[in-house]
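To start, the structure under review is shown below, and the notes come after it.
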Ligand SMILES: Cc1cc2nc3c(=O)[nH]c(=O)nc-3n(C[C@H](O)[C@H](O)[C@H](O)COP(=O)(O)OP(=O)(O)OC[C@H]3O[C@@H](n4cnc5c(N)ncnc54)[C@H](O)[C@@H]3O)c2cc1C
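Numbering (this note's numbering), first residue to last: 1068 to 1666.
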């Protein structure tokens, strides 16, 4: 029996009972779709992930990519076999326009289907996901010629894509990148510089690799206002679409990681003279869009990329939860507290309340995070396709304020779910024979990339909740308030939760005002990670109340499980925010005043 990855029952509940994904099919863009086509993609994804991605997950972890004697990157063949199959099923193109060969699948359904692959094998699934993000950015900002040259080849899986932002000296602070791009007489550019941490940066899995590279054109303004974006293929592509000379992009080395080992991670040199395309050193690049707008193009994609990281964290947490649940049902150990007879048979682990505590905590984290990710994905669909302009703008605003939470909350709490999954398995959880330790290691990346946890806190408190005079935060409060009002009307346990939620939302508003009222950003932002975590818990409490309302009065284990997880979240998790808000309200200076010399 393959290890469980995700719950189709839960996905169906969230997509259809709660978010009414089927209603999207009235929109022109999704008119060809129906519940049947959504289900077909979900079924296909579940099968492919289970049969072709999960089986080599451990092998790819144990045999990480390496550089051969001939300088090529060697990756276990199972990875290419799975990716070729993924490409043949046309899933890379699923969300793209029909004119590009895509299916125009709503983001809501696309994300749900991709979660199967992320939970099955984070390492292998990163290649097509990077390619989709790259192709999406190219489609949004590239010229017709650029789109025609690169996008169809990427959607067919012949070319893979990368995102080259980070440099050895510039990670969180992209203002400090130094890669240079010098314009040439023929309209192209030559790039020189080093890019660090580039996932999928070099390999033989595809015919070509399309790097999207942030660089500065000499004479551009300093800081983020002087950053441009370039298309830099590993191998040059002629106007006829045929592959030409090798570009001057050289693999310097591989990074050896704690987890996510199946995705090759590279240090690349652009333009160091290792290759001389058209007889000259320098990596040939093509400007994407206008000069100096590179970071804004990247940020255009950032909401989706960050939600994608949230999904990766969620999927890994979800797989660990289900695997620890299976284990707790089958492993016997100890007896009930009241059992007096030592010769009575031991009970399954799940009979112990403390084990159920760990399972309930995991369930509340992973199902809460999955629901938030799908809610945000639906906002992307609303932003892109809602009938009226106001509805689109509202969806965009809510998405802006929720994105740091959708990225960071699963990255923190679904990682914690993996920690609890290991604990449920005891010593076996710590052993490599079982999967949960790898899930934990793979998941540990997610609070780091696509903007660290700290950067998300600065983004939420320093930008998102104060932008447009606090309009995003006000809209979030109003949206949560509407849920609470429905819950009060429903009465019973939902109303009890709604009272707690309303009080917590009041605290978010009051604390935000208290932090900003002195007008000192240094003080306001000193504890921005604490703010991010407190707001995150309030948001997930809201999402649990939403789920509870969707459950209604239906009977059965699945619905009782949802009720129990919601109860757990409101009783055990939401109260954690009280001391966090107290600390923030006091404008605590402990971290601000701690001097580097004191450590
Ligand atoms: C496995 C892996 C894959 C990656 N893939 C890619 C990729 O494909 N493409 C790409 O471009 N990059 C990629 N990255 C890079 C990733 O985005 C960076 O690691 C990340 O942006 C952080 O940068 P850094 O590692 O230089 O850490 P730093 O920026 O040095 O940060 C270190 C610590 O300091 C904190 N910090 C930094 N600045 C501030 C500040 N102003 N205020 C408060 N705290 C701060 C951070 O929160 C963090 O905790 C990848 C990284 C990893 C590990």
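We put the beta carbon where it would ideally sit given N, CA and C, even for glycine.
If you're wondering where the values come from, they're calculated on a predicted model, not measured in any experiment.
- A distance below 9 Å separates the beta carbons of residue 1310 and residue 1304.
- The shortest CA-to-CA distance from residue 1122 to any of 1105, 1140 and 1148 is the one to 1148.
- DSSP places residue 1183 inside the alpha helix (DSSP H), whose first and last residues are 1174-1187.
- Between residue 1184 and residue 1112, the gap from beta carbon to beta carbon is short of 9 Å.
- For the set 1384, 1387 and 1419, the Cα lying nearest the Cα of residue 1401 is the one of 1419.
- Counting along the chain, residue 1300 sits inside the beta strand (DSSP E) bounded by residues 1295-1300.
- Secondary structure at residue 1285: coil, using DSSP grouped into helix, strand and coil.
- Beta-bridge analysis with DSSP links residue 1477 to no other residue.
- In the DSSP assignment, residue 1541 falls within the alpha helix (DSSP H) that extends over 1538-1557.
- Membership of residue 1312 in any alpha helix (DSSP H) is not indicated; the residue belongs instead to the beta strand (DSSP E) covering 1310-1313.
- It is roughly 10 Å from the alpha-carbon of residue 1626 to the alpha-carbon of residue 1632.
- Here residue 1131 has 1328 as same chain residues with Cβ atoms under 6 Å from its own Cβ, once five neighbours each way along the sequence are excluded.
- Set against 8 Å, the gap from the CB of residue 1600 to the closest heavy atom of ligand 1 is not smaller.
- Boundaries for residue 1265: no alpha helix (DSSP H) harbours it, while the beta strand (DSSP E) harbouring it runs 1256-1266, taken from the DSSP string.
- Residues of the same chain with a CB within less than 6 Å of the CB of residue 1154, apart from the 5 flanking positions on each side, are 1224 in chain order.
- With a contact defined as Cβ atoms closer than 8 Å, residue 1475 and residue 1603 qualify at about 7 Å.
- Per DSSP, residue 1317 lies in no alpha helix (DSSP H); the unbroken beta strand (DSSP E) holding it starts and ends at 1316-1321.
- If you draw a 10 Å sphere on the C-beta of residue 1243, you find fewer than 16 other C-beta atoms in it, and that means exposed.
- Taking residue 1334 as the centre and dropping the five residues before and after it, the same chain places the C-beta of 1263, 1319 and 1320 closer than 6 Å to its C-beta, in chain order.
- Distance from the C-beta of residue 1489 to the nearest heavy atom of ligand 1 is not below 8 Å.
- Between residue 1608 and residue 1648, the CB-CB gap reaches or exceeds 9 Å.
- Boundaries of the beta strand (DSSP E) around residue 1226: 1226-1231.
- Taking a C-beta distance under 9 Å as the contact criterion, residue 1233 and residue 1521 do not qualify as a contact pair.
- When secondary structure is reduced to three states using DSSP, residue 1373 falls in the helix class.
- The segment 1564-1619 is shown to contain whole alpha helix (DSSP H) runs of 4 or more residues at 1588-1592 and 1595-1618, in chain order.
- In the three-state reduction of the DSSP assignment, residue 1234 falls in the strand class.
- With respect to the 9 Å criterion, residue 1302 and residue 1267 are not classified as neighbours on the basis of their beta carbons.
- Counted as a single uninterrupted DSSP element, the alpha helix (DSSP H) harbouring residue 1423 occupies residues 1420-1452.
- Approximately 13 Å separates the beta-carbon atoms of residue 1588 and residue 1526; this is outside 8 Å, ruling out the contact.
- Boundaries of the beta strand (DSSP E) around residue 1352: 1350-1354.
- The secondary-structure analysis by DSSP pairs residue 1141 across a beta bridge with 1133.
- With the rule of 3 Cβ pairs closer than 8 Å, the segment 1486-1503 counts as touching the segment 1387-1395.
- When the alpha-carbon of residue 1194 is set against those of 1270, 1213, 1209 and 1166, the nearest one is in 1270.
- If you ignore the 5 residues before and after residue 1330, its C-beta comes within less than 6 Å of the C-beta of 1190, 1193 and 1266, all in its own chain and listed in chain order.
- Residues of the same chain with a CB within less than 7 Å of the CB of residue 1251, apart from the 5 flanking positions on each side, are 1257 in chain order.
- Under the DSSP assignment, residue 1625 falls in the alpha helix (DSSP H) whose first and last residues are 1624-1635.
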